[in-house]
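Below: one structure, written as structure tokens.
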Amino acid sequence: MACVTTSSIQQSCRLHFTPAGPQRCNQKPLSLVQSNLSVEGFRRLALDWRVLRTTASKVGSPNRKEDALPTRVRFGGKTQAACCLRSPLATSSMAADLHTPHLPHGDSLRAPVHASRPQCTSSAAPAPAPVDETGRPLIKLEQLVRGRSFADVSRLLESPPYGLRVRESVALPELYSVSYDMLAIIRKESTWQLPEVRQARGIILEKETNRVVCRPFDKFFNAGEPDQKRDPLDWATARVYEKLDGSLMKAYFYKGAWRVATNRTVDASDAKIHMASSDRTFRDVFDETWPQFPAGLHPDYTYMFELCHPETRVVVPHAQGRLVYLGARHMPTHREVFPEDLPVPGLDLPQRFDIASEEDCLALAAKLPFSEEGFVAVDSMFRRAKIKSPAYLWLAHAGSNPSKDLRTVVFNVLLQGEVSEASLLPGIGPLFEPMQVALDQLLDHVLEAWTKVKDIELQKDFALTLQKDYRHVMSMFFHLRKEVQRRATVLPPNPTLSDADVKQMAMEYWLASQDEGAAVKAALAFEIALPEISQTMLDGFYVRQGAVQADLDAARLEEE
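Reminder that position 105 of the sequence shown reads as 105 in UniProt numbering, one-by-one numbering, no gaps.
Listed below in structure tokens is the structure:
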């Protein structure tokens, strides 16, 4: 007999899994004829549900309610009643694992069965994924580093084919974070096809055990990109949320206390706010924006938020601070939970829209003003895709400065690792390949120059050498020197910067610099050949820039 899978159930029956058992959307009794399930198939489904409820009761979850409750969601700015509210652990992601418990697949723990794919013909269950000594499933990244020393982990993860960034913490030295490196991706020293790389989006592990203690969203891609198409969304089950222009923040529980992290730090108190007039950190701003923290949080979960604040502006200016709750992950099982299904008191949710297809989403995004970034679509298996507004992208990469060098625009895109968005910047596509070559050469020159000056002990001699030979990177090298001194204090006995550290910090420095053309000026000072700008490119640039400027002027008039 062909095995029963949840994808076929959801497609033919449109079942919702509630604490009371599987129910149809219209709450009518289930008909085996309508559902195309055999009697034996339904018995198996009922048995799986009992197992699922037993698992949920053992693990436990905050604010559990044994009965299905009505909930309300926002669609296009309107609030409507939904069919039912599922238990935090009884999400469709969890239901999809009924026949494949603890199976890591791709970016999350889920069954490799999709509605559009042929159903299985064998009743044999797949082999379960490895678990730790407590029975907790191990994701791919944990399996890779399990049993290794921290030094071995760093060497392994920072080398091809992974090419990841491993960062230690000043505030919590017993933890480390792992992030993907866009430079390694561009140079083919890393690949999105490895689940370990996709999982490395600011994930945090414990040095002694290499156990994951905080796991936010895995890497996801723009709709239509090859990497997104490899694991496409099921738009029949997708929820579409607004994409907020802010900084991702994470809250997690470790050693009896709640911690707050950014995407690149273990502790947000290690993350200084770029261009701020004071020494304020992202943790300072987080606490200021949500003074009730951690009210309503459960220690079994990692929580994800978007911080939108005047001091942490990315592209769109914010009049006041705001923290938006994006979702959570149940750490004992690594399964995600929609924010509506596990609410956090006192925090807003992203606006949700009733959009039925990728085509409709792209069409609507094309009409958004510069002040709205776009959308994020998430299906029942927690596959994601982002759909960005072309006006927002133009403002993010090109800005509204009519005198900006087009080579600066392209460098900005490359430094942010958003090459896939180049198609939305019409007229300048031919610049990207030669500018990527120029950026690689520039980073090599920076590394070579740093190697020559990094061991100069006296500050005066260091400054004089930079003044004479490397004035164009002088402030950056003082920044690197300060980082070495900090590491010597808090991270002995290895305070040096690796080659990858130097290049990554150079890229981050240029991105944060008030001088938007700093990278281009450095390239010219190193006598690196940059491509010429054609009149056609300039014409296309100024036409698009004029449209963005008109949006900006209209927005200012509305504020006044």
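The beta-carbon is built from N, C-alpha and C at its ideal position, and this holds for glycine as well.
Kindly indicate the opening and closing residues of the alpha helix (DSSP H) around residue i.
{"i": "R155", "result": "F150 to E158"}
{"i": "E196", "result": "P195 to Q199"}
{"i": "K521", "result": "A518 to A525"}
{"i": "E448", "result": "F432 to V453"}
{"i": "V502", "result": "D499 to A512"}
{"i": "residue 642", "result": "Here the chain comprises residues numbered 1 to 560, so residue 642 is not present and cannot be evaluated."}
{"i": "A365", "result": "E358 to A365"}
{"i": "E142", "result": "K140 to V145"}
{"i": "L250", "result": "Checking the displayed sequence, the identity of residue 250 turns out to be Lys instead of Leu. Here K250 belongs to no alpha helix (DSSP H); instead the beta strand (DSSP E) covers S247 to Y254."}
{"i": "R313", "result": "R313 -> no alpha helix (DSSP H), and no H or E assigned at all."}
{"i": "K229", "result": "P226 to K229"}
{"i": "R407", "result": "L406 to Q416"}
Out of curiosity, what's the CA-to-CA distance linking residue i and residue j?
{"i": "G246", "j": "V314", "result": "6 angstroms"}
{"i": "I204", "j": "S177", "result": "4 angstroms"}
{"i": "V520", "j": "V437", "result": "13 angstroms"}
{"i": "K255", "j": "P369", "result": "45 angstroms"}
{"i": "D300", "j": "A200", "result": "20 angstroms"}
{"i": "residue 562", "j": "L530", "result": "The first residue shown for the chain is 1 and the last is 560, placing residue 562 beyond what the model contains."}
{"i": "L364", "j": "F353", "result": "11 angstroms"}
{"i": "V197", "j": "R383", "result": "16 angstroms"}
{"i": "M331", "j": "R215", "result": "8 angstroms"}
{"i": "E516", "j": "H274", "result": "14 angstroms"}
{"i": "residue 561", "j": "V473", "result": "As shown, the chain starts at 1 and ends at 560. That puts residue 561 outside it, with no answer to give."}
{"i": "E133", "j": "E142", "result": "13 angstroms"}
{"i": "Q441", "j": "W450", "result": "14 angstroms"}
{"i": "D279", "j": "R486", "result": "15 angstroms"}
{"i": "L431", "j": "I528", "result": "15 angstroms"}
{"i": "P465", "j": "Q459", "result": "Reading off the sequence shown, one finds Thr at residue 465, where the question assumed Pro. Roughly 10 angstroms separates the two Cα atoms."}
{"i": "K482", "j": "D284", "result": "22 angstroms"}
{"i": "T496", "j": "H445", "result": "19 angstroms"}
{"i": "K454", "j": "K468", "result": "15 angstroms"}
{"i": "P130", "j": "F462", "result": "52 angstroms"}
{"i": "Y252", "j": "A261", "result": "8 angstroms"}
{"i": "L174", "j": "K207", "result": "The sequence given here places Glu at residue 174; Leu does not occur at that position. Their backbone Cα atoms lie some 6 angstroms apart in a straight line."}
{"i": "G77", "j": "T209", "result": "Model confidence at G77 stands at a pLDDT of 39, short of 50, so the residue's coordinates are unreliable and nothing is read from them."}
{"i": "E336", "j": "M304", "result": "11 angstroms"}
{"i": "L144", "j": "L156", "result": "9 angstroms"}
Hey, quick one: how far does the beta strand (DSSP E) through residue i stretch, first residue to last?
{"i": "K468", "result": "From DSSP, K468 is part of no beta strand (DSSP E) but of the alpha helix (DSSP H) over Q459 to D469."}
{"i": "A257", "result": "A257 to T262"}
{"i": "R215", "result": "Per DSSP, R215 belongs to no beta strand (DSSP E) and is neither H nor E."}
{"i": "H330", "result": "R322 to H330"}
{"i": "M304", "result": "Y301 to C308"}
{"i": "V376", "result": "G374 to V378"}
{"i": "K388", "result": "R384 to K388"}
{"i": "R165", "result": "L164 to E168"}
{"i": "R335", "result": "R335 to V337"}
{"i": "E288", "result": "Unbroken run through E288 is the alpha helix (DSSP H), F282 to T289; no beta strand (DSSP E)."}
{"i": "R239", "result": "R239 to K243"}
Could you pull out every residue in the same chain whose Cβ sits closer than 7 angstroms to the Cβ of residue i, ignoring the five residues on either side in sequence?
{"i": "P350", "result": "Y241, E242, L244, V324 and L326"}
{"i": "H318", "result": "C308, H309 and P310"}
{"i": "D287", "result": "F293"}
{"i": "L233", "result": "A377, D379, R383 and A385"}
{"i": "W510", "result": "L415, A518 and A519"}
Please return the same chain residues whose Cβ sits closer than 8 angstroms to the Cβ of residue i, not counting the five positions on each side in sequence.
{"i": "C361", "result": "A223, V240, I355, F375, A377 and I387"}
{"i": "residue 561", "result": "The structure shown does not extend to residue 561, since the chain is modelled only from 1 to 560, so the question has no answer here."}
{"i": "S357", "result": "W235"}
{"i": "S190", "result": "P160, P161, Y162, G163, L164, Y180, D181, A184 and V197"}
{"i": "L414", "result": "I186, F432, M435, Q436 and L439"}
{"i": "R211", "result": "D132, E142 and L205"}
{"i": "S499", "result": "Note on identity: in this sequence residue 499 is Asp, with Ser being the wrong assignment. Answer for D499: L447, listed in chain order."}
{"i": "residue 561", "result": "Not covered by the structure: residue 561. The range shown for the chain is 1 to 560."}
Assuming residue i contacts residue j (C-beta within less than 8 angstroms), just tell me the rounded distance between them.
{"i": "D181", "j": "L164", "result": "6 angstroms"}
{"i": "D267", "j": "R259", "result": "6 angstroms"}
{"i": "K250", "j": "T302", "result": "6 angstroms"}
{"i": "residue 624", "j": "R322", "result": "With the chain covering only 1 through 560, there is no way to say anything about residue 624."}
{"i": "W192", "j": "D227", "result": "5 angstroms"}
{"i": "N263", "j": "G346", "result": "N263 to G346, Cβ: 23 angstroms. No contact."}
{"i": "A506", "j": "M476", "result": "6 angstroms"}
{"i": "P137", "j": "H334", "result": "6 angstroms"}
{"i": "T265", "j": "S169", "result": "7 angstroms"}
Within its chain, find whatever has a CB closer than 6 angstroms to the CB of residue i; leave out the 5 residues flanking it on each side and keep chain order.
{"i": "K367", "result": "none"}
{"i": "R167", "result": "S177"}
{"i": "Q320", "result": "none"}
{"i": "S154", "result": "V166"}
{"i": "I533", "result": "L406"}
{"i": "L248", "result": "N263"}
Inset, instruction - Check whether the region 134-151 touches the region 404-414, counting contact only when three or more Cβ pairs, one atom from each stretch, lie closer than 8 angstroms. - result: no
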